[in-house]
C-alpha cells in the first residue's frame, strides 16, 4: 500500500487532488481510497486529504498516519502544522515553492530522507501559466508521478480529462505535464 | 460498471436506479452531496417525472415524504445529525403509518458541542422508532443496501434507514460497481402500495388509537420487523445471485470460525478492525470480527449463533448512552442471555475521533488478557478530563466544559488523529 | 286565470332558503348532491364552529373539483372529533400525520400526484389556529414559498381548544385562556401580541388568500370555489367560534361569527398575488361590546367593575381594520 498525504489551504484543491490521484490509480486497475480530512474550515484554513493506493481492496479507514509521500501545497504551513508527522524515512516530500529546501530553511531536517525523494515544484506559477488560476494541486500531482513512479502521467491526464472535460482539463494536463518533465529533468541531473 | 467515485455519488446513483418518484431534501453536512447529485439528475430529466422538493426543514422533508408515500409514490430522503433530531416526530410517524420511505443517514455526531464529524449518535437516537436500520461497511455496501432497502421497505411496508458513516464513507472516493438499470429493475419491482390516498376509493389514514388497541398496534409494528428479519437474508441471497456480490444480510462474520475473541461493530470501522484481525492472526491470536448490518430488526438469533462459541466478546461502538455506557452493548448482552462470558464495551470514534489500528491493537490486547474495564473509552485523554473535574470542584462556575477543554488542548487543526 | 308575480327579495338567505334560486346559483349545502364530506355522527361539541366550517369548505371544494379531493389534517379538535377509529366521518381521502406538518404532508401529496400525472385530484391541508399559526407555521411558509399546489384552510377559534383552551398566537388581546388568566394588572391575553397569518400569507405573493366566517356561508363557499380555480399555494382563514373555549352559548356560534365581522375585528377580504382585491363591506357597524359580551372569555371586561378603557382599546383595533380595509366606504361592493 502506498499512502499520500496532501497538505494545503482551503481553496487550493487539496481534496480534489486526492480524488484525482485515486481516480488515476483506479485507471490503472489499482484499488484506491481518497478521503478528505474535513473540517468546517473555509478558504485559507489549513486542510489535508489522504490517498491510499493498493493492489488489494482497501478496508482501512483511519487517517493516513504514516504517509509514504507528502505533498505540501503551501509552504507557509511549514511553520504552523506538524506536516512531517509519521512520514517514513524512505518518504517522499514535494513542496510547492520556487525556493529550494535550503532557502525554505528545512535543508537540515530533510537530510534523513533519500535525496532523490525530495523536490520543490513551482506549481503555483505553472498553474497560473497554464490554467490562469493559482491552484497548485494538479502540477503537484505531476511532480508526484515523476518522483515516485507510483502514478503515471497518462492515468493522471485521463483522470483530469474525466473530471474537467474541455479546455480547463487540457490546460491542467499541460501544467502537470510540465511539472512532470521538469521534475524528471531535475532527478536526472 | 466499475467506477472510482465519491461515496455520496455512488449512493445517489443507486437511489436513481431505484426509480424514486419523490425526493425531499434539506441540506445538512455530510448528507448534502447525495441530494445535490439527485437534484441534478431530476433537473436534467434523468429520472423521468420524478420530483425534487427543496423543503424548509428536516421536519418538512420527512413530512413531505409521508404525504408523497401515502399517495403511492416511491419516496426518498436523506439526513444527518441535528436534522435527524429535528425530524424525529415525523420519523416515528412514518413508521407508525407503515410508509415504505427510504432514508440515507450520513452518520454524524449530535451537539452541543456542535460537531460535524462522524459517529452513530444520530441514527441510534431513532433506534426505537420502528424504522429498519441497516449499516454499511463500505461504499459498495452503502450503494447495494439502498437497492435492497427499497425492496425491503416495500415488502414489509416499513421505512428503512441506510446508515452510512459521514465523511469516512460519504466523502471517500472508492471503487464501486454501479449496476445496470436492467439488473435493478429485475431485482426491484415497481412500488405497489398497500393503501393509497385516492379520491375514487376514499379512506381515512392516521386515526387515534386508545389503550384498547395501542399495545396490539405496537406489537404488530414489532411483528413487521420480525418478518423483516426473515426477509433480509433472502434479499441478500437474491442480491448475490443477481449482482454477484455479498452485501447486506443480518450480520457478517470475519475469520470467526475458531476465534476466542470476537469484536462486534457497525459500519465502516469494520474495515479497520478486519485489518487488525489479520495482523493479530499473523501473531497467532485467535481473533475475528462480526459486522452487524441490520441493527433494527436486531438479529438476536443470528448473532447469538456467531458469538456463542467465542470466549469473549468486544462490542466496539460509535455511540454512547450518557449515564449508562454503550448503546449497542445492552443488545449484545441480550443476545448472549444465559451464556456466561466476558463482554467488553469500547466506546470509540465519537465526533470523528479517528479509530486507529494502533489504538485497536492496544485495546484488543488488553481485552484478550481480560484486563479491560466493562466500558472503555478508546483514546480518552484522562488528564484533560481530570483537570476539568478538578477545576469544577474548585471553581464551580468555571465556564462551559467544551470551551475549557479546547483551551487545555490548544490548537487541534494540526492534529492528524 | 289571473296570476300575480310575487318577488321574494330574500331568496337564498337563512330566512327564505334557496328553493326559488336556480340550481346553479344555490349554495353547495343547499344542493341535494352535496358530498357530506364531513358526515354526521362525529364527536364535535354542540355549536362547534370548526365542524361547520370544515363541512362547508370541504363540500365546496369537492363540488368545485368533481369530488377529487385529498385532505391532510393537522392534529387538533377537527382530527380528534372526526376520526374516533374505527369510525370516521370523512367521506373523502383523508390523512392525519402530525400537529405541525399538515402543509408539508400536503406538499408531498401534491408532488406525488404531479409525478403520477394526476392533474384532476386537488389537495387541501387543514388545521386549527395552533397547527397553522404556531407549530405548523414553518411548514406552512415553506409550502407558500414553493407555491405548492395546495389549498391550506385554517379554522381559527383563537386558541388551543383540543388541549383545554390555552393561548395561541391567534388569541385576541384580553381574551381569557387557561394560560392567559384574567388576573393581575393586565388581565387576559396582552395587547401587542399575535400574528396576522392571512397578511403573512399575502407577503408570500401566493395566488389567493381569503378570510371568511361560518356566518356567511355563501361567501365561504364562493371563496373556496375561487381558491380551487387557481393552481399553486392558496390560503383561507376561517373564523370559527368555539362555545367551549369562549364560554359562549352553543346557539350563538353563527351570531358571534357575524358580530365579529360587523364590529370590524375580523375583516373579510380576498387577495390575489399579494394584493387585496375585494372586501366585504359592513352595512352597519356594531360596537365591539356586542361581540364581546356574550363570551365568558371577555367577562372580566364587563360586570360590576367593568373595564371601559380596555374595551376602548379593542374598539380602536376594530376601527383601524375598518379604515385599513375600507369596510364602511360608500359605494363598496355589496354582498
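Chains as they are written, first to last, in this note's numbering: chain F, 77 to 265; chain W, 296 to 712; chain D, 25 to 359.
Ideal Cβ placement from N, Cα and C applies to all residues, glycine included.
Would you be able to state if there are at least three C-beta pairs under 8 Å between the stretch 494-509 of chain W and the stretch 451-462 of chain W? With the cut-off at 8 Å, the stretch 451-462 of chain W and the stretch 494-509 of chain W do not touch.
- request: Locate the beta strand (DSSP E) running through residue 222(D), then write down its first and last residues.
  value: Counting from 1 along the third chain, the entry for residue 222(D) is found at position 198. Segment 221-227 is the alpha helix (DSSP H) holding residue 222(D); no beta strand (DSSP E) there.
Discussion item. Are the CB atoms of residue 515(W) and residue 592(W) within a distance shorter than 8 Å?
Written reply: For the purposes of this step, residue 592(W) is identified with residue 297 of the second chain, where counting begins at 1. For the purposes of this step, residue 515(W) is identified with residue 220 of the second chain, where counting begins at 1. Not closer than 8 Å, so no.
*Own chain residues within Cβ distance below 7 Å of residue 476(W), not counting five before or after*: For this step, residue 476(W) is matched to residue 181 along the second chain. Apart from sequence neighbours up to five positions away, the residues of its chain that approach residue 476(W) with a beta-carbon distance below 7 Å are 312, ordered along the chain.
Pull up the DSSP beta-bridge partners for residue 62(D), would you.
In the third chain, the residue the question calls residue 62(D) occupies position 38. According to DSSP, residue 62(D) shares a beta bridge with 114(D).
Mind reading off the beta-carbon distance from residue 170(F) to residue 219(F)? Whole number of angstroms is fine, and I expect it under 8 Å. Taking the first chain and counting its residues from 1, one reaches residue 170(F) at position 94. Taking the first chain and counting its residues from 1, one reaches residue 219(F) at position 143. The Cβ separation is near 5 Å, so the contact holds.
Rounded C-alpha distance that separates residue 604(W) from residue 259(F): Taking the first residue of the second chain as 1, we reach residue 604(W) at position 309. Taking the first residue of the first chain as 1, we reach residue 259(F) at position 183. Their backbone Cα atoms lie some 58 Å apart in a straight line.
Whole angstroms are fine: how far does the CA of residue 201(F) sit from the CA of residue 178(F)? On the first chain, residue 178(F) is found 102 positions in, with the first residue counted as 1. On the first chain, residue 201(F) is found 125 positions in, with the first residue counted as 1. The alpha-carbon separation between residue 178(F) and residue 201(F) amounts to approximately 20 Å.
May I ask which residues mark the beginning and end of the alpha helix (DSSP H) holding residue 583(W)? Counted from its first residue, the second chain places residue 583(W) at position 288. For residue 583(W), there is no enclosing alpha helix (DSSP H); the residue is found in the beta strand (DSSP E) stretching over 582-587.
* **Chain-ordered neighbours of residue 228(D) on chain W, where CB pairs are closer than 9 Å** => Position 204 of the third chain, counted from the first residue, corresponds to residue 228(D). Contact note: residue 228(D) does not reach chain W at a C-beta cutoff of 9 Å; the least C-beta distance is about 12 Å.
So what does DSSP say about residue 323(W), is it helix, strand or coil?
-> Residue mapping note: residue 323(W) aligns to position 28 of the second chain, counting from 1. Shown here, residue 323(W) sits in coil according to DSSP, grouped into three states, outside any helix or strand.
TODO: Name, please, each residue of chain F whose Cβ falls closer than 8 Å to the Cβ of residue 714(W).
DONE: Any property of residue 714(W) remains undetermined from this structure, which presents chain W solely from 296 to 712.
Hey, quick one: how far does the alpha helix (DSSP H) through residue 627(W) stretch, first residue to last?
Walking along the second chain from the start, residue 627(W) turns up at place 332. The continuous alpha helix (DSSP H) containing residue 627(W) extends over residues 624-630.
Output yes if chain F places a C-beta closer than 8 Å to the C-beta of residue 389(W); else output no.
Along the second chain, one-based indexing puts residue 389(W) at 94. Not one chain F Cβ lies under 8 Å of residue 389(W).
| request: Can you say whether residue 665(W) is buried or exposed, counting buried as having 16 or more other CB atoms within 10 angstroms of its CB? | output: Taking the first residue of the second chain as position 1, residue 665(W) is located at position 370. Looking at its Cβ environment, which holds fewer than 16 other Cβ atoms inside 10 Å, residue 665(W) is exposed.
Can you name, in chain order, every residue of its own chain whose Cβ lies under 8 Å from the Cβ of residue 112(D), other than the five neighbours on each side? Taking the first residue of the third chain as position 1, residue 112(D) is located at position 88. Excluding positions up to five away in sequence, the list reads 106, 118.
(message) Residues of the stretch 83-110 of chain F in Cβ contact with chain W at a cutoff of 7 Å, in chain order, please.
(response) From the stretch 83-110 of chain F, only 95, 98, 99, 102, 107, 108, 109, 110 have a Cβ closer than 7 Å to chain W.
Beta strand (DSSP E) runs contained entirely in the stretch 72-114 of chain D, provided each spans 3 or more residues
Within the stretch 72-114 of chain D, complete beta strand (DSSP E) segments of at least 3 residues are found at 93-97, given in chain order.
| field | Contacts around residue 249(F), its chain only, beta-carbon distance under 6 Å, and the 5 residues preceding and following it disregarded | value | Residue mapping note: residue 249(F) aligns to position 173 of the first chain, counting from 1. Short of 6 Å from the beta carbon of residue 249(F), and not among the five residues preceding or following it, lie these beta carbons of its own chain, in chain order: 233, 236.
Coil, strand or helix - residue 173(D) by DSSP = Counting from one through the third chain, the residue named residue 173(D) turns up at place 149. Coil.
Flag this pair as yes or no: are the beta carbons of residue 167(D) and residue 127(D) separated by less than 8 Å? Sequence index remark: in the third chain, residue 167(D) carries index 143 (1-based). Sequence index remark: in the third chain, residue 127(D) carries index 103 (1-based). Yes, these two residues count as a Cβ contact at 8 Å.
What in chain D is Cβ-close to residue 317(W), meaning under 8 Å?
Here residue 317(W) is taken as the residue at index 22 of the second chain, counted from 1. Below the 8 Å Cβ cutoff, chain D contributes 132, 135, 136, 139 as neighbours of residue 317(W), in chain order.
| field | Straight-line gap, residue 648(W) to residue 409(W) (C-alpha atoms, nearest Å) | value | If you number the second chain from 1, residue 648(W) lands on position 353. If you number the second chain from 1, residue 409(W) lands on position 114. The straight-line gap from Cα to Cα measures roughly 14 Å.
### Query
Would a check of beta-carbon distances place residue 141(F) closer than 8 Å to chain W?
Translated into positions along the first chain, residue 141(F) becomes position 65. Yes, because at least one Cβ of chain W sits closer than 8 Å to the Cβ of residue 141(F).
Report task. Would you kindly report the start and end of the unbroken beta strand (DSSP E) that includes residue 670(W)? Result -> Position 375 of the second chain, counted from the first residue, corresponds to residue 670(W). 670-672 is the span of the beta strand (DSSP E), which, as asked, contains residue 670(W).
>> Do residue 558(W) and residue 584(W) count as a contact pair if the criterion is CB distance below 8 Å?
In response: On the second chain, residue 584(W) is found 289 positions in, with the first residue counted as 1. On the second chain, residue 558(W) is found 263 positions in, with the first residue counted as 1. Contact flag set, yes.
Fill in: Segment contact flag, the stretch 87-105 of chain D with the stretch 312-331 of chain W, C-beta cutoff 8 Å, min 3 pairs
No contact exists between the stretch 87-105 of chain D and the stretch 312-331 of chain W.
Q) Any heavy atom of the ligand ATP within a distance shorter than 7 Å of the CB on residue 49(D)? A) As for the ligand ATP, it is missing from this structure, which has no ligand bound.
Practice task
Would you kindly check if the distance between the Cβ of residue 563(W) and the Cβ of residue 478(W) is under 8 Å?
Solution key: By 1-based counting over the second chain, the position of residue 478(W) is 183. By 1-based counting over the second chain, the position of residue 563(W) is 268. Between residue 478(W) and residue 563(W), the gap from beta carbon to beta carbon reaches 8 Å or more.
Checklist entry - Is it right to say residue 148(F) is buried, meaning 16 or more other beta carbons lie within 10 angstroms of its own, or is it exposed? => result Position 72 of the first chain, counting from 1, holds the residue named residue 148(F). With 16 or more other CB atoms across the displayed protein chains lying within 10 angstroms of its CB, residue 148(F) is buried.
Note the first and the last residue of the continuous beta strand (DSSP E) segment covering residue 549(W). Position 254 of the second chain, counting from 1, holds the residue named residue 549(W). Bounds of the beta strand (DSSP E) holding residue 549(W) are 546-549.
Considering only residues of the stretch 456-533 of chain W, which uninterrupted alpha helix (DSSP H) runs meet the minimum length of 4 residues and lie entirely inside it, listed in chain order? Secondary structure remark: continuous alpha helix (DSSP H) runs of at least 4 residues inside the stretch 456-533 of chain W, in chain order: 476-482.
(message) For residue 83(F), list the residues DSSP reports as bridge partners.
(response) Counting from one through the first chain, the residue named residue 83(F) turns up at place 7. Answer by DSSP bridge pairing, in chain order: 124(F), 148(F).
Sequence-distant residues of its chain with Cβ nearer than 8 Å to residue 159(F) (five each side left out): Indexing the first chain from 1 puts residue 159(F) at position 83. Excluding positions up to five away in sequence, the list reads 83, 146, 148, 153.
request  = Can you check the stretch 189-250 of chain D for any beta strand (DSSP E) of at least 3 residues that lies completely inside it and give the ranges in chain order?
outcome  = Correct list: 232-237.
Give me the Cα-Cα distance between residue 128(F) and residue 110(F), rounded to the nearest whole angstrom.
-> Sequence index remark: in the first chain, residue 128(F) carries index 52 (1-based). Sequence index remark: in the first chain, residue 110(F) carries index 34 (1-based). Distance between the alpha carbons of residue 128(F) and residue 110(F): 6 Å.
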